[in-house]
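A.B. asks: First the structure, which I've put down as structure tokens, then a few questions once you've had a look.
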Amino acid sequence: IFILFLMILGSFFKIFILFLMIFDSFDMIFILFLKILVCFDMIFILFLKILNGFIFFNGKINHLLFLLSHVLFKLSIFFSSVSLLLLFLGSLLNFLIAFHLLLDFSNQ
36 IFILFLMILG SFFKIFILFL MIFDSFDMIF ILFLKILVCF DMIFILFLKI
86 LNGFIFFNGK INHLLFLLSH VLFKLSIFFS SVSLLLLFLG SLLNFLIAFH
136 LLLDFSNQ
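Residue numbering for the sequence shown follows the working numbering, starting at 36 and increasing by one per position.
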């Protein structure tokens, strides 16, 4: 009877950990979604700055080099947002696995 009690207690503990994994995945997904939105907002602001620089460009090479460095910096932000997107997909996969395991435990 004591071993059966420990097995039941262990299964409840596993279900509790799976619930925590699911809520942690939701939290991570929401934070990554906000970071990706911020990166796309920064890329849009960069696009407006580039248009502004080309409209008011008066032949200064320094201004063009500054715009080029700014573009490269923003491209690095874009690629970091792509890596955040991959992290988001991994977190979503983690959520699906935890949810599947939870359904498995509830069926037993």
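Idealized CB from N, CA, C, for every residue including glycine.
I'd like to know if the region 107-115 and the region 78-87 are in contact, where contact means that at least 3 CB-CB pairs between them fall below 8 Å.
C.D. replies: Output reads yes: the region 78-87 touches the region 107-115.
A.B. asks: Please tell me whether I78 and F113 are closer than 8 Å, where the distance is taken between their beta carbons.
C.D. replies: As a first step, residue 78 must be located in the sequence shown, where it is residue number 43. As a first step, residue 113 must be located in the sequence shown, where it is residue number 78. Cβ distance < 8 Å, so I78 and F113 count as in contact.
A.B. asks: Taking the alpha-carbon positions, what's the F51 to M42 distance?
C.D. replies: By one-based count along the sequence shown, residue 51 stands at place 16. By one-based count along the sequence shown, residue 42 stands at place 7. Straight-line Cα distance between these residues: approximately 14 Å.
A.B. asks: Determine the contact status of F140 and K49, defining contact as a CB-CB distance below 8 Å.
C.D. replies: If you number the sequence shown from 1, residue 140 lands on position 105. If you number the sequence shown from 1, residue 49 lands on position 14. For F140 and K49, yes; Cβs fall inside 8 Å.
A.B. asks: Suppose you measure from the CA of N129 to the CA of F37; what does that come to, to the nearest Å?
C.D. replies: For the purposes of this step, residue 129 is taken as residue 94 along the sequence shown, with counting starting at 1. For the purposes of this step, residue 37 is taken as residue 2 along the sequence shown, with counting starting at 1. Computed Cα separation, rounded: 34 Å.
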